[in-house]
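Asker: Attaching a single structure in structure tokens format; questions to follow.
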Amino acid sequence: MKFLLLGATGGTGRQIVREASTKGHSVVALVRSSARAQDLSEVELVEGDARDRSTLDRALDGCSGVISTLGTSLSPFKEVRLLSTATEALVKAMSTRQIRRLVCITGLGAGDSRGHGGFLFDALFFPLLLRKVYEDKDRQEAIVRASDLDWVLVRPTILNDKPATGRVRAETDPSDIHGGTISRADVASFVVAQLTDDAWLRRAPLITW
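For the sequence shown, my numbering assigns the number 13 to the initial residue and increments by one for each residue that follows.
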């Protein structure tokens, strides 16, 4: 499958590029600056803003699916709108081109997974550093859920850069999960599989090790 990847230059995005290559997929990466992605030699680069509809239309040409691993920096005080604005533009562009499959990474703490990050995450990091970001993740998830696309929302626990384990625990009921970590490589493997697997279609699995 040829798919569009948003967030390719991040840690998880780079792992997705590697995983997609091993699975025989073709990747189009929409990046703000091609200079930051020169090492991604195996992908087709499109430079531009992920919030811009015309840029998205150009990047989606010939694609059959999308993976979004867009992230944003910490913003303790300033409102964040990047994720929801880009996702709204993406959903409209996909609908116009009749591209159905969207796999969108949000995170532990989004939607009904809030309050399941463990004591330090829930009591300190979330309210002090992540609240504004997760308000936008909630808006992002709502936009995806309201669409008529074939979507999967993926909520990983805290990411690390350890090697892949090949083991991923996926749950839609977060009641038994209180924190946890998962490698970016394992996230990439799970996410790329959702391009062609319907097991989690229109659901929001929380994934951890």
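For every residue, glycine included, the Cβ atom is placed at its ideal position computed from N, Cα and C.
Quick one: give me the first and last residue of the alpha helix (DSSP H) that E100 is part of.
Answerer: Here residue 100 refers to the residue found at position 88 when the sequence shown is read from its first residue. Run containing E100: 94-109, per the alpha helix (DSSP H) assignment.
Asker: Just checking my contact of L16 with V40 at CB under 8 Å: how many whole Å lie between their CB atoms?
Answerer: Along the sequence shown, one-based indexing puts residue 16 at 4. Along the sequence shown, one-based indexing puts residue 40 at 28. Right, their Cβ atoms sit about 5 Å apart.
Asker: At a cut of 8 Å, does the region 95-106 reach the region 31-51 through at least three beta carbon pairs?
Answerer: With a cut-off of 8 Å, the region 31-51 and the region 95-106 do not count as touching, because too few Cβ pairs lie within range.
Asker: If contacts are defined as beta-carbon pairs under 8 Å, then R63 and A101 qualify, I think. What distance do you get, rounded to the angstrom?
Answerer: In the sequence shown, the residue the question calls residue 63 occupies position 51. In the sequence shown, the residue the question calls residue 101 occupies position 89. So it is a contact: roughly 6 Å between Cβ atoms.
Asker: What does a CB cutoff of less than 7 Å around S46 pick up in its chain, not counting 5 residues either side in sequence?
Answerer: By 1-based counting over the sequence shown, the position of residue 46 is 34. Cβ neighbours of S46 beyond the five flanking positions: L57, E59.
Asker: Based on Cα-Cα distance, which residue from F202, I155, F138 lies nearest to V103?
Answerer: Numbered from its first residue, the sequence shown carries residue 103 at position 91. For the residues F202, I155, F138, the minimum Cα distance to V103 belongs to I155.
Asker: Do the CB positions of C116 and V166 come within less than 8 Å of each other?
Answerer: As a working mapping, residue 116 is identified with position 104 in the sequence shown. As a working mapping, residue 166 is identified with position 154 in the sequence shown. The answer is yes: Cβ separation under 8 Å.
Asker: Per DSSP, which residues does S195 bridge with? Please list them.
Answerer: Numbered from its first residue, the sequence shown carries residue 195 at position 183. The partner list for S195 (beta bridge, DSSP) reads N172.
Asker: Are there 16 or more other CB atoms within 10 angstroms of the CB of F131, so buried, or fewer, so exposed?
Answerer: For the purposes of this step, residue 131 is identified with residue 119 of the sequence shown, where counting begins at 1. Answer is exposed; the Cβ neighbour count stays below 16.
Asker: Using the Cβ count rule (16 or more neighbours within 10 Å means buried), how would you classify G25?
Answerer: Position 13 of the sequence shown, counting from 1, holds the residue named residue 25. So G25 counts as buried.
Asker: For Q206, does the count of other Cβ atoms within 10 angstroms reach 16, so buried, or fall short, so exposed?
Answerer: Counted from its first residue, the sequence shown places residue 206 at position 194. Per the 10 Å Cβ criterion, buried.
Asker: Which class does L148 belong to by DSSP, given the choice of helix, strand or coil?
Answerer: Indexing the sequence shown from 1 puts residue 148 at position 136. Sequence inspection shows Asp at residue 148; the Leu mentioned does not correspond to that position. D148 falls in the helix class under three-state DSSP.
Asker: Nearest-angstrom Cα distance between P168 and P186?
Answerer: Taking the first residue of the sequence shown as position 1, residue 168 is located at position 156. Taking the first residue of the sequence shown as position 1, residue 186 is located at position 174. Answer to the nearest angstrom: the Cα atoms are 12 Å apart.
Asker: Locate the beta strand (DSSP E) running through R113, then write down its first and last residues.
Answerer: For this step, residue 113 is matched to residue 101 along the sequence shown. Start and end: 113-117.
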